[in-house]
């Protein structure tokens, strides 16, 4: 039995629960950086490794080797148990892993949790294990659709997936809805995360740790972002051509206050160069924006 989960903390608890087998940690922060369609598994690993190395999180060679070892373990295992939580970080890993597994050669069990596994006691992990279920064909198909939609060059495929009234994977739709909220706001050009950061700074959070916790308290979706990814957002806001934040202790610049108030637009000030799954937003114009009280994603068309 190969157990697959999201991080070292969860892996330790699964081992301590006495469920037997090996534990594989699926380390990739898929909600950040390029995850484009049209590439083989090996080519996508290369793209992801380059992005992770550019972030300074690990060397390219170590990441590529880790991805190849990870995939080899997964693809060779005849019996796999997937342990994943309800947040965006986990759900993207879940649909990637499920999309790689061959239903003809691998029996797959699913353990989904609406709380984070790392803080659980071993006996609580054992209780989750007792409620495991075999992955159904409907769940496999839904995961494949979701993974393809996430990697598509335009976000319409995700929106079509979200129209399913009874999704086969209960947490994936909400996670992808949160992913879409990283597209720029129609009113400010800010993503949800950028908005939360600027709001937290405006309310007095300045040091990194206090700002990170203030952001987590604002997050309406299940918490999904680690501190390394969070730092990417801070650096973008601080190092833009028109900075919205001053360095730690963080303070809003004049431009930051204007953008947060809706008087200026982040994209018009600073442009954008960001991947959201398979969508590459680049330049001084954002083709897709969120707008309205229901936060609908709008196609703005080509720039005039």
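In the working numbering, the protein residues as written are 1 to 304.
Positions of the beta carbon are idealized from the N, C-alpha and C atoms, including for glycine.
Predicted model only: the values in this text are computed from it and were never measured.
Applying the 10 Å Cβ sphere with the 16-neighbour rule, what's the burial state of residue i?
i           : result
residue 6   : buried
residue 217 : exposed
residue 191 : buried
residue 245 : buried
residue 40  : exposed
residue 277 : buried
residue 28  : buried
residue 62  : exposed
residue 298 : exposed
residue 241 : exposed
residue 239 : exposed
residue 265 : buried
residue 31  : buried
residue 69  : exposed
residue 45  : buried
residue 155 : buried
residue 279 : buried
residue 179 : buried
Can you tell me which of the three DSSP states residue i falls into?
i           : result
residue 24  : strand
residue 242 : coil
residue 31  : coil
residue 85  : strand
residue 253 : coil
residue 179 : helix
residue 275 : strand
residue 290 : strand
residue 4   : strand
residue 296 : strand
residue 260 : helix
residue 185 : strand
Taking Cβ to Cβ, would you say residue i is nearer than 8 Å to residue j?
i           : j           : result
residue 35  : residue 181 : no
residue 129 : residue 259 : no
residue 87  : residue 224 : yes
residue 177 : residue 162 : yes
residue 122 : residue 13  : yes
residue 284 : residue 301 : no
residue 168 : residue 139 : yes
residue 81  : residue 131 : no
residue 33  : residue 288 : no
Smallest Cα separation from residue i: which of the options?
i           : options         : result
residue 248 : 264, 231, 115   : 231
residue 145 : 98, 60, 258     : 98
residue 336 : 243, 196, 240   : Given a span of 1 to 304 for the chain in the structure shown, any question on residue 336 remains unanswerable.
residue 85  : 72, 186, 26     : 26
residue 112 : 103, 100, 93    : 93
residue 116 : 90, 48, 133     : 90
residue 261 : 215, 198, 45    : 198
residue 119 : 236, 3, 11, 290 : 11
residue 65  : 49, 8, 200      : 49
residue 306 : 33, 37, 8       : With the chain covering only 1 through 304, there is no way to say anything about residue 306.
residue 228 : 291, 1, 135, 56 : 56
residue 269 : 280, 282, 255   : 255
residue 134 : 148, 83, 149    : 83
residue 3   : 53, 54, 75, 47  : 75
If you measure from the beta carbon of residue i to each beta carbon in chain D, is any gap under 8 Å?
i           : result
residue 190 : Among the chains in the structure shown there is no chain D, since it carries only a single protein chain.
Worksheet item: Mind pulling the beta strand (DSSP E) runs of 3 or more residues that sit fully within the segment 70 to 133?
Response: Listed in chain order, the complete beta strand (DSSP E) runs (minimum 3 residues) inside the segment 70 to 133 are 79 to 85, 107 to 113.
Fill in: 4-residue-minimum alpha helix (DSSP H) runs that sit fully inside the segment 129 to 163, ordered along the chain
The qualifying runs are 137 to 151, 156 to 161.
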